[in-house]
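*Asks:* Under the working numbering, the residues of the sequence shown are numbered 354 to 433, in order. Yeah, the Cβ is synthetic: ideal placement off N, Cα and C, and Gly gets one too. As the structure is a prediction and not an experimental result, all values here were calculated from the model.
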Amino acid sequence: MTEEEIFNRLSQLIAEHFDMEAGQLSESTRLDSDLEADSLDIVEVVMAVEDEFAIEIPDEEAEKMLTVGDAVRFISDHVK
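Here's what the structure looks like:
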């Protein structure tokens, strides 16, 4: 799976969670401040990403994912 494919799937997942258009997201979109996400939102998105991509994201790694691009790179490195 390419990073572009991951970005598209991840953008759709995030957009659905935050009730917005996927086209509003970019790799530099911050998951916390740009999306006005609280800690529960972040946990829910991480769980959805784990389900969508069949990966496990340790808490310490999730805390390092500040932007959509960070998440794309993590998923790309860990997806089978």
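Arg426: which of Glu380, Gly376, Pro411 and Ile395 sits nearest, CA to CA?
*Replies:* Start at 1 with the first residue of the sequence shown, and residue 426 comes out as number 73. Taking only the C-alpha atoms, the option nearest Arg426 is Glu380.
*Asks:* Give the single residue among Asp385, Phe360 and Glu389 whose Cα lies nearest to the Cα of Ala375.
*Replies:* Numbered from its first residue, the sequence shown carries residue 375 at position 22. Cα-wise, what sits closest to Ala375 is Phe360.
*Asks:* Do you know whose CA, among Leu393, Lys417 and Glu409, lies nearest His431's CA?
*Replies:* What you label residue 431 is simply residue 78 of the sequence shown in a count that begins at 1. Of the candidates Leu393, Lys417 and Glu409, the one whose C-alpha sits nearest the C-alpha of His431 is Glu409.
*Asks:* On the DSSP bridge assignment, give the partners of Arg362 in chain order.
*Replies:* Here residue 362 corresponds to residue number 9 of the sequence shown, with the count starting at 1. DSSP output for Arg362 lists no bridge partner at all.
*Asks:* Considering only residues of the same chain and omitting the five flanking positions on each side of Ala424, which have a CB-CB separation below 8 Å?
*Replies:* Here residue 424 corresponds to residue number 71 of the sequence shown, with the count starting at 1. Taken in chain order, the residues that qualify are Leu363, Leu384, Val402 and Met418.
*Asks:* For the candidate residues Glu416, Asp412, Ala415 and Glu397, whose alpha-carbon lies nearest to that of Glu369?
*Replies:* In the sequence shown, residue 369 corresponds to position 16, counting from 1. Among Glu416, Asp412, Ala415 and Glu397, the Cα nearest to that of Glu369 belongs to Glu397.
*Asks:* Using the DSSP secondary-structure output, state which residues sit across from Thr420 in a beta bridge.
*Replies:* Indexing the sequence shown from 1 puts residue 420 at position 67. Arg383.
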